[in-house]
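Asker: Take this structure, written in structure tokens, and hold onto it; I'll ask about it next.
Numbering (full-length UniProt numbering), first residue to last: 1 to 555.
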């Protein structure tokens, strides 16, 4: 005979595991007293959603947990079957298999999506047990469920973030995660060359249908060529190998795939559509996708007509020369432009803007600093880029009567020529419209020189923000030494705040600290409604990100 303490200990151990609970229930209970079984049922009622039906599936008992979760009272449930809470998304096949299993006197386990009385969905991890009488005939069914809605919805949110809405394919973020997780160092980007002509002629809506059709065509080749397909956006797709293969094997596979797709008889709207692809292959432990996209740009700019362009850690060393030449020409021709993204007050709705540097190539493609800033920092043209963006930002601020944030690196602040230009511009146009964002993740070895610069621009009316706050190791040193008016919380922290409690607590700590120091806070990378909702209780002063405003050029 089991003692009461032993039974309760077993229940506590298996409370969070329906599998363990099932195994416990199925143990012989001949030695258990009525008191022990009553204690067992009491614990079960407190820890799970419980219902009992007769042999025909008609509900004869529900506990309070069932009522609270479903929104139905027991009077509404008893006498009904469980299809009263069935969600229309659930397949009939699931319930057919369920019924077959339990009528064969076997327990059924699975995840079920149900519908509350108010129409909202909820998910339960379920175990359904047949109960037999002394003759071995089924007399009842016992259902034990745990509400796992929060877990399922969190997984669904992650899945949505990793899925391209138009095609249903995994997206760029999914590819980056897979490359890192699987330690794959090769990837290829497939860019549809003639899509702009198609889109201009047929329109965006038809273009979207065409992209979906093309995605299906490429996806059908996945098994034959052993790759996984992703959509990066626009008419750009990416592939990575399903298993480890040499660069030569991967490039051969990409070339064969390109040949097959370009010879595919694709009929769209009763018109034969030629598929013309540019393929860029990237080979790198950490930058395979970046190299593949850079190879696409190289193909269009320098190697037009080449079947495949390959870029790896060795030949990417040519990037410096290539991008320096691009910037050099763009500065002369006025193709260095600024996009402006709103920074919105959470209280008044007032707007500030951040000036974001962009380079417009001769073919019309616009590239971000991620492509060219690294190589450019090694040259004198980096200073020219800073001066150009500051000039564009000041003109924008004057035209719009607003304040504009401009990024400055420590390299800018330590460059005498750049500093003199900044001072001259602020004296001529006034500094009250400018916020200088200084990156927190960059090391500062000479705080005296940086502090001297900050004092000078403050005297001319400008204010200071610490950018990427939380990304480095000198947060408090920066606060003490630089005394900023704004803190911009690092985007990687904000980006993970929905699913990471740690990110939420870090953000909360930064906001509380800033408030005590009378420093305004800015959350960047607010890219979704979920992130926005998560941030609301923190009372951050300003918000910035694609969900707030897409960067725009203003003529």
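Glycine included, every Cβ here is placed at the ideal spot set by N, Cα and C. All figures in this text were calculated on a predicted structure; none of them were measured in a lab.
List the endpoints of the continuous beta strand (DSSP E) containing residue 114.
Answerer: From DSSP, the beta strand (DSSP E) with residue 114 extends over 108-115.
Asker: Going by beta carbon distance, what residues of the same chain come within less than 6 Å of residue 149, once the five residues before and after it are set aside?
Answerer: So the qualifying residues of the chain are 122 and 123.
Asker: Measuring only the C-alpha atoms, how far is residue 449 from residue 464?
Answerer: Residue 449 and residue 464: Cα-Cα distance of roughly 15 Å.
Asker: Does the Cβ-Cβ distance between residue 510 and residue 487 come in under 9 Å?
Answerer: Their beta carbons are under 9 Å apart, which means residue 510 touches residue 487 by this criterion.
Asker: Look at the alpha carbon of residue 240 and the alpha carbon of residue 128, and state the distance between them as a whole number of angstroms.
Answerer: Rounded to whole angstroms, residue 240 to residue 128 spans 42 Å at the Cα level.
Asker: So, under 8 Å CB-CB, residue 310 and residue 283 are touching, yes? Tell me the CB distance rounded to an integer number of Å.
Answerer: Correct: roughly 7 Å between the Cβ atoms.
Asker: Determine whether the Cβ of residue 420 lies closer than 9 Å to any Cβ atom of chain C.
Answerer: In the structure shown, chain C cannot be found, because there is only a single protein chain.
Asker: Residue 26 to residue 99, Cα distance in whole Å?
Answerer: Caution applies to residue 26, whose pLDDT of 45 falls short of 50 and renders its modelled position unreliable; the value that the coordinates give is listed next. Computed Cα separation, rounded: 19 Å.
Asker: Among 133, 93, 140 and 119, whose alpha-carbon lies nearest the alpha-carbon of residue 53?
Answerer: Checking every option, the nearest Cα to that of residue 53 belongs to 140.
Asker: Could you check the C-alpha separation between residue 285 and residue 544 for me, to the nearest Å?
Answerer: In a straight line, the C-alpha of residue 285 is about 32 Å away from that of residue 544.
Asker: Is the Cβ-Cβ distance between residue 338 and residue 389 less than 9 Å?
Answerer: Their beta carbons are under 9 Å apart, which means residue 338 touches residue 389 by this criterion.
Asker: Starting from residue 60, trace the alpha helix (DSSP H) in both directions and tell me its first and last residue.
Answerer: No alpha helix (DSSP H) holds residue 60; the beta strand (DSSP E) holding it covers 59-62.
Asker: Using DSSP with H/G/I as helix, E/B as strand and the rest coil, what is residue 547?
Answerer: Residue state, collapsed to three classes: coil.
Asker: Using 8 Å as the Cβ pair cut-off and three pairs as the minimum, do the segment 156-163 and the segment 206-216 touch?
Answerer: No: the two stretches stay apart, fewer than three of their Cβ pairs being nearer than 8 Å.
Asker: When the Cα atoms are used, what is the spatial distance from residue 23 to residue 109?
Answerer: Residue confidence is low: residue 23 scores 42 on pLDDT, short of 50, so the model does not pin down where it sits. Its coordinate-derived value is still stated next. So the alpha carbons of these two residues sit roughly 12 Å apart.
Asker: DSSP three-state call for residue 497: helix, strand or coil?
Answerer: Looking at residue 497 - three-state DSSP - the assignment turns out to be coil, as it is neither helix nor strand.
Asker: Compare the Cα-Cα distances from residue 183 to each of 312, 244, 222 and 204 and report the closest residue.
Answerer: If we check each option's Cα against that of residue 183, 244 comes out closest.
Asker: Would the beta-carbon of residue 433 fall within 9 Å of that of residue 470?
Answerer: Not in contact: residue 433 and residue 470 (Cβ atoms no closer than 9 Å).
Asker: In whole angstroms, give me the CA-to-CA distance for residue 534 and residue 514.
Answerer: Looking at the two C-alpha atoms, the distance is approximately 19 Å.
Asker: Starting from residue 243, follow the alpha helix (DSSP H) in both directions and report where the run begins and ends.
Answerer: First-last for residue 243: undefined, no H or E at that position.
Asker: Can you give me the C-alpha to C-alpha distance between residue 177 and residue 189, rounded to a whole angstrom?
Answerer: Residue 177 and residue 189: Cα-Cα distance of roughly 16 Å.
Asker: Are there 16 or more other CB atoms within 10 angstroms of the CB of residue 228, so buried, or fewer, so exposed?
Answerer: So residue 228 counts as buried.
Asker: Should residue 106 and residue 130 be called a contact, given that it needs their Cβ atoms to be closer than 9 Å?
Answerer: Yes, the Cβ-Cβ distance between residue 106 and residue 130 is below 9 Å.
Asker: Please report the straight-line C-alpha distance between residue 231 and residue 155, rounded to a whole angstrom.
Answerer: Near 21 Å, if we compare the C-alpha coordinates of residue 155 and residue 231.
Asker: Using CA atoms only, rank isn't needed, just tell me which of 538, 399, 524 and 537 is closest to residue 548.
Answerer: Nearest C-alpha to residue 548: 524.
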